[in-house]
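In full-length UniProt numbering, the protein residues as written are 1 to 120.
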């Protein structure tokens, strides 16, 4: 049996509204970008292009790139349908710093737990 690669850093299945979190862009479509929520076992979230920037968008590819890891804010969560709406334009500098510090701390903690569990 292979290792358990699930990486949900919180007990809750879905994030809370207004929570800053780290995402990785997976796909850019016509009106939105689809992202993996790295702190919640890579469940999918979505950012409408209107939520990418406070200024007029000339090129979506300048604001979000597939594969890049970035902080966002949770706007809405529909637990019944599994929809998570996110925003990049509402993220403040405070949110970015706090989000990055928390994310990398939790990754280190998760790595430590996994390495200890593999030696037992």
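Think of the CB as a built atom: it goes at the ideal place given N, C-alpha and C, for glycine as much as any other residue.
Please state whether DSSP places residue i in a helix, a strand or coil.
i: residue 24; result: strand
i: residue 105; result: helix
i: residue 53; result: coil
i: residue 35; result: strand
i: residue 84; result: strand
Mark residue i as exposed unless 16 or more other C-beta atoms lie within 10 angstroms of its C-beta, in which case mark it buried.
i: residue 39; result: buried
i: residue 101; result: exposed
i: residue 79; result: exposed
i: residue 93; result: exposed
Check for me: the beta strand (DSSP E) holding residue i runs from which residue to which?
i: residue 77; result: 69–78
query = Are the region 25–33 and the region 41–53 touching by the rule of at least three beta carbon pairs closer than 8 Å?
reply = yes
query = Are the region 53–66 and the region 98–115 in contact at 8 Å, needing three or more beta carbon pairs?
reply = no
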